[in-house]
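S.K.: Sequential numbering of the sequence shown, starting at 1220, is according to the numbering used here.
First the structure, then my questions, so here it is.
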Amino acid sequence: MTLKRIGCGTIAAFFVFWALSSPPQTHAQPWGDQVELVSESLLWGPFHDLQLDGGYIYCAMSYGLTVLDGSLPSQIIPLSTFALPGITEGILLEGDMAYLASGSGGLFILDVSSPDNPDYVGGIDTEGYAYATVKDEVFIYLADGGSGLAVLNAANPQAPTQVASLDLGGSARDVLQQEDYLYVAAEGVGVKVIDVSTPSQPVEIGSYNTNGVAQGLYLDNNLLYVADGPEGVVILDVSDPATPDFIGSWVTTGAVHNVVLNGIYLYAADHANGLAVLNVSNPELPYLYSSFDTDGYAYALQISQSTLFLADDWQGLAAVYIANPQSPSLLGEYSFPGSVNSVWVSQDYAYVARGATSELSILDISDPENPTEYSEITLTGSGIDTYVMNGICYSSHQTEGVFAIDVNNPGTPTQLSRFNTEGLAVDAQLQTPYLYCADNYGGLLIVNYTHPASPTYVSHTYMSGIAKGIVLQNDTAYVSQWDAGIAVFDVSNVNSPQLIDEFDTRGLANRCILHEGYLFVADGVEGLTIWLDGLQVANYNTEGSVWDVRIAGDLAYLADGTGGLVILDVGNPLVPQYRGSYRTPGVARELFLNGDEIYVANQNSLVIVRYTGTGIESPHEIQLPE
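Put into structure tokens, the structure is as follows:
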């Protein structure tokens, strides 16, 4: 995870992570570069993978690890969480250790001897995107996405080292071991068989190219069951690992991500189709025996006696009773509320737009170290942006338009109106009485909110790009329009805005902000670009993809997607200088500055941090900026 700055040297390469247990206790271990964690709340994350140990369920969620008590499947109880950088995709339990494949964050090792208080042990960044792992004595074999297979030595779990890698020609998604052989599922190339009798010198000895997208494996004796995405399930005979032979297959209308065998039944996580139960008593002719549709996207599954636990992506965890495989039934569920997409702070309250749950959550942040959920209101559509002024919260909900909510009493938010836009409402700013809305393919929309309970249409202006963000300065509107750069409008006549300037940026313009005559653009993978009179005068390339930018004094704060929070000194806009960063557990999408606190909506949680401006806190080596 190396951050780079074009023309400005190299900046910090580091890991950032922390732990946060569910109530009643919180255990935090923050690391940041000149940024300290204040608090984290509104945890969310799709369930990607799971492992069972006794009555405990260890879940790899988007933001990290969640430990649940599943001893009573009808009443699943949360015990603890531990947030990690990247997007946590897979988990392996061995003894008291949990090994988490954390996407762009690499591999993390946690001590879970106390399930209610997991503790960080060590970690290593890898070249690819970590999906899954298997361990043999001191060696860890990691399915590392496009980088193939990574071989790690974890003799010292506090500081694992990479000893080898092997390019597989496809993206490695899963890995299993049988004696000296590894079976790796890799997108585009099927199954690869690797000889690891000498772990530091892995050698490919066999392969079988499937027709689908190989991404999950289950091995039983000499039969290898392959979750082959849209092609369903493929069954291979691997009695001779060098020459896997096709035995049978089953084709789905969904996309099989993972499988697990129980007797003569193969249980498949079949994405939108939920759970598929196959009879594989004759592996040459597997057939669908029964199915159970879930509300989410089935990704992974594990079985304990007569209960199957299913990682159902954004819908959470499902416990399914399978004593009768012909008729699976739901025992219980556990999930977190929707994603954290946007935040706005007004006085002692934070207003947060949630994703799939369509909620506006209101938090009491009078004590930023202990934010508390104060109230909420359920709307429709996916909340993507919030803006509060004069006791009214304007919440943009894409296909559902803009909601006006009375929050004069934050304890009892009340919907006043919904204005259905032509496009997808994604950002808005009020210049009384007009609300200027970035309406995606609907362009620039202006609505009169003289009476918030009955808004009226004023005008809309189509654009050459997709309207993603808007900022106003007097009678001028600057609209970020994705792949078409920035459009500048004269809105002195709200009935007929006039395009007065337009310039393309090198990236994907998400948001922009004006500061001392310069326009600072959150320009996606191109980082922060800085403009003067329609000409780019500087840019700063980051590790991630910049979604949002805010400025206070000489400091620019960037929501850098998977790169978390990045802080720059822009006192001289021509030469932006790195000042600090913090790696969030999800995709940092939006920021709000409130005094000393920086609020980061990162999909997987709401993080509050402070810029310290002194020292570096990290257990890993850091290369300082030049």
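All residues carry an ideal CB built from backbone N, CA and C; glycine is no exception.
Kindly indicate which three-state DSSP category proline 1297 falls into: helix, strand or coil?
M.R.: Proline 1297 falls in the strand class under three-state DSSP.
S.K.: Under the three-state reduction of DSSP, which class applies to tryptophan 1533: helix, strand or coil?
M.R.: The answer is coil: DSSP assigns tryptophan 1533 none of H, G, I, E or B.
S.K.: Can you give the Cα-Cα distance for aspartate 1288 and alanine 1538, rounded to whole angstroms?
M.R.: 12 angstroms
S.K.: Taking Cβ to Cβ, would you say phenylalanine 1528 is nearer than 8 angstroms to leucine 1269?
M.R.: yes
S.K.: Could you compute how far the alpha carbon of glutamine 1534 sits from the alpha carbon of asparagine 1791?
M.R.: 47 angstroms
S.K.: Would you mind stating whether valine 1645 and isoleucine 1611 have Cβ atoms separated by less than 8 angstroms?
M.R.: no
S.K.: Please report whether the beta-carbon of aspartate 1338 lies at a distance below 8 angstroms from any beta-carbon of chain B.
M.R.: The structure shown contains no chain B; it is built from a single protein chain.
S.K.: Ignore the nearest five residues each way along the sequence and tell me which others in glycine 1780's own chain have a CB closer than 8 angstroms to its CB.
M.R.: Gly1763, Ser1764, Val1765, Trp1766, Val1806, Ala1807 and Arg1808
S.K.: For valine 1235 and tyrosine 1339, what's the separation of their Cα atoms in angstroms?
M.R.: Here valine 1235 scores only 32 on pLDDT, less than 50, and its place in the model should not be relied on; the value that follows carries that caveat. Put simply, the backbone Cα of valine 1235 is about 11 angstroms away from that of tyrosine 1339.
S.K.: Kindly identify the DSSP beta-bridge partner or partners of aspartate 1363.
M.R.: Note: aspartate 1363 sits in no beta bridge, so no partner.
S.K.: Glutamate 1406 lies in the beta strand (DSSP E); which residues open and close that run?
M.R.: 1400-1406
S.K.: In chain order, what residues of the same chain lie with their CB nearer than 6 angstroms to the CB of proline 1242, ignoring the 5 residues before and after it?
M.R.: Summary for proline 1242: the model assigns pLDDT 34, below 50, so the residue's position carries little reliability, and this model does not support an answer.
S.K.: Quick test of your reading: valine 1496 and serine 1509, contact by CB under 8 angstroms. State the CB separation rounded to the nearest angstrom.
M.R.: 5 angstroms
S.K.: Which residues in the same chain as aspartate 1386 place their Cβ atom closer than 6 angstroms to its Cβ, once the five residues preceding and following it in sequence are excluded?
M.R.: Gly1367
S.K.: Looking only at DSSP bridge pairs, what is threonine 1675 linked to?
M.R.: In the DSSP output, where bridge partners are listed per residue, threonine 1675 has Asn1667.
S.K.: Taking the beta strand (DSSP E) that tyrosine 1613 falls in, what are its first and last residues?
M.R.: For tyrosine 1613, the enclosing beta strand (DSSP E) covers residues 1611-1615.
S.K.: Would you mind working out which of Leu1825, Arg1730 and Pro1652 sits nearest tryptophan 1701, comparing C-alpha positions?
M.R.: Arg1730
S.K.: For my contact list, isoleucine 1424 and valine 1412 are in at a C-beta cut-off of 8 angstroms; report their separation, rounded to the angstrom.
M.R.: 5 angstroms
S.K.: Could you tell me the distance, in whole angstroms, from the CA atom of leucine 1754 to the CA atom of glutamate 1592?
M.R.: 45 angstroms
S.K.: Have a look at Ser1258, Ser1800 and Leu1793 and flag the residue whose alpha-carbon is nearest the alpha-carbon of isoleucine 1786.
M.R.: Ser1800
S.K.: Give the C-beta separation of leucine 1329 and leucine 1284 to the nearest angstrom, bearing in mind that I take them to be a contact with Cβ-Cβ under 8 angstroms.
M.R.: 6 angstroms
S.K.: According to the neighbour-count rule (16 or more other Cβ atoms, all chains shown, within 10 Å of its Cβ), is valine 1457 buried or exposed?
M.R.: buried
S.K.: What is the residue span of the beta strand (DSSP E) that histidine 1267 lies within?
M.R.: 1266-1272
S.K.: For asparagine 1498, list the residues DSSP reports as bridge partners.
M.R.: Tyr1484 and Tyr1506
S.K.: Using DSSP with H/G/I as helix, E/B as strand and the rest coil, what is histidine 1476?
M.R.: coil
S.K.: Would isoleucine 1466 pass as a contact of isoleucine 1483 if the rule is Cβ separation under 8 angstroms?
M.R.: no
S.K.: Could you check whether the segment 1676-1695 touches the segment 1647-1667, counting it as contact only if at least three pairs of C-beta atoms, one from each stretch, sit closer than 8 angstroms?
M.R.: yes
S.K.: Please identify the residue among Ser1523, Asp1531 and Asp1464 whose C-alpha is closest to the C-alpha of asparagine 1492.
M.R.: Asp1531
S.K.: Comparing alpha-carbon positions, which option in Tyr1486, Ser1699 and Tyr1776 lies nearest tyrosine 1540?
M.R.: By alpha-carbon distance to tyrosine 1540, the top candidate from Tyr1486, Ser1699 and Tyr1776 is Tyr1486.
S.K.: Answer with buried or exposed for serine 1281, where buried requires no fewer than 16 other C-beta atoms within 10 angstroms of its C-beta.
M.R.: buried
S.K.: Identify, in the order they occur along the chain, each residue of the same chain with its Cβ nearer than 6 angstroms to the Cβ of glycine 1726, setting aside the five sequence neighbours on each side.
M.R.: Asp1742, Gly1743, Val1744 and Glu1745
S.K.: Report the start-end ranges of each beta strand (DSSP E) in the segment 1561-1616 that is 3 residues or longer and not cut off at the edges.
M.R.: Counting only runs of 3 or more, we get 1568-1573, 1578-1583, 1591-1597, 1604-1608 and 1611-1615.
S.K.: Beta-carbon within less than 7 angstroms of valine 1257's beta-carbon, same chain only, minus the 5 sequence neighbours each way: which residues are those?
M.R.: Pro1587, Glu1588, Glu1816, Ile1827, Val1828 and Arg1829
S.K.: Count Cβ pairs between the segment 1301-1310 and the segment 1347-1361 that sit closer than 8 angstroms; are there 3 or more?
M.R.: yes
S.K.: Closer than 8 angstroms by C-beta to glutamine 1244: which residues in its own chain qualify, once you throw out the five before and the five after it? Chain order, please.
M.R.: Residue placement at glutamine 1244 cannot be trusted, given a pLDDT of 33 that sits under 50; what the coordinates show is reported in the next sentence. Excluding positions up to five away in sequence, the list reads Asp1335 and Asn1336.
S.K.: If you compare alpha carbons, which of Tyr1655, Val1475, Ile1732 and Leu1494 is closest to asparagine 1714?
M.R.: Tyr1655
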